[in-house]
Amino acid sequence: MRVWVPFESEAEARDKLGELPDNIELDFYTGGDFPSTADEVEVYVHPYLGAHDPWERFGELPKLKVVLIQSAGYEDIQPHIPEGVTLCNAAGVHDASTAEMAVGLSLALGRHLDAYARNQTSGTWEPQFGRSLADQRVTILGYGHIGQAIERRLTGFEVASITRIARRARTEPMPVRPITDLDDVLPETDVLFLITPLTPDTEKIIDKHALALLPDGAQVINVGRGRLIDTDALVAETSSGRLTAGLDVTEPEPLPSDHPLWTSPGVLISPHTGGASSAFFPRSNALIAAQLRRYATGQPLENVIE
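Residue numbers (UniProt numbering): 1 to 306.
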């Protein structure tokens with residue numbers, strides 16, 4: 001069974017993945033020209049943050065059966081997956097890193113850490129009164145792995161309440177309201193965390209109307225996908241000073257240097273690095289190894305995208 005993995009050598013692959021079943025034969029691909037075994041490969045593991053070029057060439061891999069990606073989002077690659085090929089994402093791998101980024105953006109924004117960092121370069125001592133997470137009404141839009149990880153990290157911050165919203169309502173393990181309740185929830189939201197998947201139904205779900213429902217001074221924290229928000233509407237709200245925003249994702253990406261989001265007051269931007277931390281690779285490598293063992297032994301794969 002031929003597998004392409006995103007490592008440079010056999011030694012690196014064995015170090016990262018550990019022992020694999022004897023029927024797995026590894027090739028090493030991190031981008032560029034395909035290895036000479038294109039007519040044999042069954043499992044392709046896409047490099048994290050790798051170029052998209054290989055996606056358009058999946059048709060050159062006649063025996064391809066499985067594509068493993070190291071991101072949680074899959075909307076960009078899914079249209080390129082050939083009929084009959086299984087796509088698996090890395091749900092669960094990014095939970096800790098992305099949840100940390102979400103809470104970190106909220107804290108940094110509320111306590112003006114971005115302003116203090118800028119002042120440090122000029123030796124300026126300029127205290128400001130900040131906004132705490134304590135006593136705030138939090139809404140988490142998207143209550144999958146990462147949404148739940150955000151909530152776990154908020155438990156020590158003494159927030160006033162947490163409202164969870166997902167596509168469908170449920171009661172276990174925690175009460176979750178349906179996305180159709182969003183308009184009712186937003187007026188009672190001081191901090192809005194966005195981590196819902198990007199679908200035709202959620203694209204620009206936070207539009208001019210939704211933003212207008214948020215109370216004055218509310219934070220919008222987006223660690224999901226940039227297209228969840230109507231960017232022009234967000235710029236209008238932040239430029240007026242009514243809302244603030246912490247964004248790990250934007251629309252477009254990369255954000256052009258002259259885009260008004262860069263200079264809009266009350267906006268803190270990180271360059272889509274929510275998952276890029278020391279916690280990522282150990283978790284991702286463990287998932288890759290587990291998936292390869294499952295495939296090699298005929299067991300069902302995890303994180304299959306239907």
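Just so it is clear, CB atoms sit at the ideal spot from N, CA and C, and this is done for glycine as well.
All of these numbers come straight from a predicted model, not from anything done at the bench.
Contact under 9 angstroms by Cβ, residue i with residue j
{"i": "Gly31", "j": "Pro62", "result": "no"}
{"i": "Ala90", "j": "Ser284", "result": "yes"}
{"i": "Thr189", "j": "Val138", "result": "yes"}
{"i": "Ile140", "j": "Thr163", "result": "yes"}
{"i": "His94", "j": "Gly274", "result": "yes"}
{"i": "Leu133", "j": "Val191", "result": "yes"}
{"i": "Glu56", "j": "Ala38", "result": "no"}
{"i": "Arg177", "j": "Ile165", "result": "yes"}
{"i": "Asp135", "j": "Val159", "result": "yes"}
{"i": "Lys65", "j": "Glu40", "result": "no"}
{"i": "Ile229", "j": "Ile206", "result": "yes"}
{"i": "His145", "j": "Gly84", "result": "no"}
Residues near residue i by beta carbon distance below 7 angstroms, same chain, minus five either side
{"i": "Ser9", "result": "Phe28"}
{"i": "Leu109", "result": "Gln219, Thr244, Gly246 and Leu268"}
{"i": "Asp114", "result": "Ala108 and Leu268"}
{"i": "Gln291", "result": "Leu68, Cys88, Leu301 and Glu302"}
{"i": "Gly174", "result": "The residue you asked about is not Gly; residue 174 is Met in the sequence shown. Closer than 7 angstroms at Cβ, skipping near neighbours: Arg164."}
{"i": "residue 309", "result": "This structure cannot speak to residue 309, because the chain is shown only from 1 to 306."}
{"i": "Phe157", "result": "Leu133 and Ala134"}
Residue i burial status per 10 Å Cβ neighbour count (16 or more: buried)
{"i": "Ala149", "result": "buried"}
{"i": "Glu19", "result": "exposed"}
{"i": "Met101", "result": "buried"}
{"i": "Ala245", "result": "buried"}
{"i": "Pro82", "result": "exposed"}
{"i": "Ala99", "result": "buried"}
{"i": "His209", "result": "exposed"}
{"i": "Glu251", "result": "buried"}
{"i": "Thr121", "result": "exposed"}
{"i": "Gly123", "result": "exposed"}
{"i": "Ser161", "result": "exposed"}
{"i": "Ser264", "result": "buried"}
Backbone CA spacing between residue i and residue j [nearest angstrom]
{"i": "Gly241", "j": "Met1", "result": "58 angstroms"}
{"i": "Leu301", "j": "Asp76", "result": "21 angstroms"}
{"i": "Thr196", "j": "Pro127", "result": "35 angstroms"}
{"i": "Leu225", "j": "Val5", "result": "Inspection of the sequence shows that residue 225 is occupied by Arg rather than by Leu. Each residue's Cα considered, the two are about 27 angstroms apart."}
{"i": "His112", "j": "Leu194", "result": "21 angstroms"}
{"i": "Arg131", "j": "Ile305", "result": "40 angstroms"}
{"i": "Arg168", "j": "Pro21", "result": "40 angstroms"}
{"i": "Phe129", "j": "Phe58", "result": "54 angstroms"}
{"i": "Gln80", "j": "Val67", "result": "First, the amino acid is wrong: residue 80 is His here, not Gln. Each residue's alpha carbon lies about 11 angstroms from the other."}
{"i": "Ala289", "j": "Phe7", "result": "13 angstroms"}
{"i": "Tyr48", "j": "Pro282", "result": "13 angstroms"}
{"i": "Glu34", "j": "Tyr44", "result": "Residue identity check: residue 34 is Phe in the sequence provided, not Glu. Taking the straight line joining both Cα atoms gives about 11 angstroms."}
{"i": "Tyr116", "j": "Ser36", "result": "53 angstroms"}
{"i": "Thr202", "j": "Tyr143", "result": "14 angstroms"}
{"i": "His259", "j": "Arg118", "result": "20 angstroms"}
{"i": "Pro256", "j": "Thr155", "result": "36 angstroms"}
Best match in the options for proximity to residue i [C-alpha to C-alpha]
{"i": "Tyr74", "options": "Pro254, Ala276, Thr199 and Ala296", "result": "Thr199"}
{"i": "Phe280", "options": "Asn23, Ala72 and Leu292", "result": "Ala72"}
{"i": "Ala96", "options": "Leu211, Val185, Gly147 and Ala169", "result": "Gly147"}
{"i": "residue 318", "options": "Arg227, Gln291, Arg153 and Pro175", "result": "The requested residue 318 is not part of the displayed model; the chain covers only 1 to 306."}
{"i": "Lys16", "options": "Thr250, Leu287, Pro175 and Arg152", "result": "Leu287"}
{"i": "Trp262", "options": "Ala289, Leu213, Asp232 and Glu25", "result": "Asp232"}
{"i": "Gly104", "options": "Asp248, Asp258 and Leu211", "result": "Asp248"}
{"i": "Asp183", "options": "Leu214, Val159 and Thr155", "result": "Leu214"}
{"i": "Ser106", "options": "Glu42, Gly217, Asn303 and Ala236", "result": "Gly217"}
{"i": "Val235", "options": "Glu253, Ser257 and Leu211", "result": "Leu211"}
Close beta carbons around residue i, own chain, < 6 angstroms, minus the five adjacent residues each side
{"i": "His46", "result": "Ile69"}
{"i": "Ala51", "result": "Gly31"}
{"i": "Gly266", "result": "Thr238 and Thr244"}
{"i": "Leu26", "result": "Val3, Val5 and Ala13"}
Cβ-based neighbour list, residue i, same chain, cut-off 8 angstroms, excluding 5 preceding and 5 following
{"i": "Asn23", "result": "Met1 and Ala296"}
{"i": "Gln78", "result": "Leu87 and Ile305"}
{"i": "Pro254", "result": "Pro271"}
{"i": "Pro187", "result": "Leu213, Leu214 and Pro215"}
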